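Q: In this note's numbering, the protein residues as written are 956 to 1260. Glycine included, each C-beta is placed from N, C-alpha and C at the ideal position. As the structure is a computational prediction, the values presented were derived from the model and not from experiment. Can you keep this structure in mind? I'll have questions shortly.
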């Protein structure tokens, strides 16, 4: 059964790691004049802001329903997640590409390159800790699926964003380290510019992939396909239900709305039919605690469609 990872834990780990790395990178960029290091500094500070936005979105999503928002505010996290993807694209990716292009035209030799190497090695370790925490939470939700399949099927937008950010950050650090070392070994500062361009391209690709997934949730997706299949099997296994005619689910942040049309066993008494429906709904919400709203339409016709 697919579960949910602890998004808050993953976000806090990422925030702590990125704040420490950003400060260290900024010091290294100042002393070395490295374009790749400056790009990585901006990227890490942008990630810190992104994680604060995710925490804000997660808090807003917990607000209770109101007359104006009868299905609650759960989808607020999708808005903030999409905004984070845009910031990853612009502040991180586009700035890195700009900085790389600038350095290609005005290449400068690195100064005190050992600062950059030390900070990048520290960053790899810190980001590795954050990535490990994220993967632990992802593992709770993957249910045996590949990372790519989970990424495509997941409805936890904040965990999708953190995974994308951590992946891009860790790989970006490797790119920056390789760029600095190649610049030192070859004596050619153009490698530093190429590193910045590679980081920018990586961030743009990851941001687009994340934005595509979050956009789908923002528009209105069903629950995780595996979870929906479990829900259908549960309903069809109930003694009160002859067959499920239609099942519609809608993911609303961490909560779910379910609409069921089913042919029921009871054909005589309206009170008995209502009792059967109530029993099925109670059992469904107990077995699937994420279901907050359920709408059940009985249909006793043999040829219902």
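Could you give the first and the last residue of the continuous beta strand (DSSP E) run that contains residue 1243?
A: The sequence position of residue 1243 within the chain shown is 288, counting from 1. Note, residue 1243: premise wrong, no beta strand (DSSP E); not H, not E.
Q: What three-state label does DSSP hand residue 1195 in the structure shown?
A: Mapped onto the chain shown, residue 1195 falls at position 240. Correct three-state label for residue 1195: coil.
Q: Quick one: grab the DSSP three-state call for residue 1224.
A: Translated into positions along the chain shown, residue 1224 becomes position 269. Coil.
Q: Could you compute how far the alpha carbon of residue 1087 sits from the alpha carbon of residue 1014?
A: The residue you call residue 1087 lines up with position 132 of the chain shown. The residue you call residue 1014 lines up with position 59 of the chain shown. Their Cα atoms are separated by approximately 24 Å.
Q: Using the three-state DSSP reduction, which class does residue 1098 fall into: helix, strand or coil?
A: Counting from one through the chain shown, the residue named residue 1098 turns up at place 143. Residue state, collapsed to three classes: coil.
Q: Where does the unbroken beta strand (DSSP E) through residue 1212 begin, and where does it stop?
A: Stepping through the chain shown from its first residue, residue 1212 is reached at position 257. Note, residue 1212: beta strand (DSSP E), 1210-1219.
Q: List the residues that DSSP assigns as beta-bridge partners of residue 1264.
A: There is no way to answer for residue 1264, as the model of the chain reaches only from 956 to 1260.
Q: If residue 1151 sits next to residue 999, beta carbons under 8 Å apart, how far is it from one beta carbon to the other, in whole angstroms?
A: Residue mapping note: residue 1151 aligns to position 196 of the chain shown, counting from 1. Residue mapping note: residue 999 aligns to position 44 of the chain shown, counting from 1. Not a contact, Cβ separation roughly 14 Å.
Q: Give the DSSP-derived three-state secondary structure of residue 971 in the structure shown.
A: Looking up residue 971 in the chain shown gives position 16. It is helical.
Q: Just how far apart, CA to CA, sit residue 1146 and residue 1126?
A: Mapped onto the chain shown, residue 1146 falls at position 191. Mapped onto the chain shown, residue 1126 falls at position 171. Answer to the nearest angstrom: the Cα atoms are 17 Å apart.
Q: In the DSSP assignment, what residue or residues form a beta bridge with residue 1252?
A: In the chain shown, the residue the question calls residue 1252 occupies position 297. In the DSSP output, where bridge partners are listed per residue, residue 1252 has 1216.
Q: Taking DSSP's pairing of strands, which residues face residue 1201 in a bridge?
A: The count along the chain shown starts at 1 and reaches residue 1201 at position 246. According to DSSP, residue 1201 bridges with 1216.
Q: What number of angstroms, rounded off, separates the C-alpha of residue 1057 from the C-alpha of residue 1162?
A: Residue mapping note: residue 1057 aligns to position 102 of the chain shown, counting from 1. Residue mapping note: residue 1162 aligns to position 207 of the chain shown, counting from 1. About 22 Å.
Q: Should residue 1076 be labelled buried (16 or more other beta-carbon atoms within 10 Å of its own) or exposed?
A: Position 121 of the chain shown, counted from the start, is the residue given in the question as residue 1076. Exposed is the call here.
Q: Just reading off the alpha helix (DSSP H) that residue 1139 is part of, what are its end residues?
A: On the chain shown, residue 1139 is found 184 positions in, with the first residue counted as 1. Looking at the DSSP string, the run of the alpha helix (DSSP H) that includes residue 1139 is 1112-1141.
Q: DSSP three-state label for residue 1187, please.
A: Position 232 of the chain shown, counted from the start, is the residue given in the question as residue 1187. Residue 1187 falls in the helix class under three-state DSSP.
Q: Could you have a look at residue 1237 and say whether DSSP puts it in helix, strand or coil?
A: The count along the chain shown starts at 1 and reaches residue 1237 at position 282. Of the three classes helix, strand and coil, the one that applies to residue 1237 here is helix, per DSSP.
Q: Among 1005, 1190, 1241, which residue has its Cα nearest to the Cα of residue 1124?
A: Within the chain shown, residue 1124 is the residue found at index 169, counting from 1. Ranking the options by Cα distance to residue 1124, first place goes to 1005.
Q: Put residue 1104 into one of helix, strand or coil per three-state DSSP.
A: If you number the chain shown from 1, residue 1104 lands on position 149. Correct three-state label for residue 1104: helix.
Q: Quick one: Cα of residue 1165 to Cα of residue 1027, how far?
A: Locating residue 1165 in the chain shown gives position 210, where the first residue counts as 1. Locating residue 1027 in the chain shown gives position 72, where the first residue counts as 1. One C-alpha to the other measures close to 24 Å.
Q: If I measure Cβ to Cβ from residue 1216 and keep anything under 7 Å in the same chain, skipping five residues before and after, which residues do I get?
A: To locate residue 1216, count along the chain shown from 1; it is residue 261. Cβ neighbours of residue 1216 beyond the five flanking positions: 1200, 1201, 1252, 1254.
Q: Where do the ends of the alpha helix (DSSP H) carrying residue 1028 lie?
A: One-based indexing of the chain shown puts residue 1028 at position 73. Element bounds for residue 1028: n/a, residue is neither H nor E.
Q: Any idea if residue 1033 is buried or exposed, counting beta-carbon neighbours within 10 angstroms, 16 or more meaning buried?
A: Taking the first residue of the chain shown as position 1, residue 1033 is located at position 78. Residue 1033 comes out buried.
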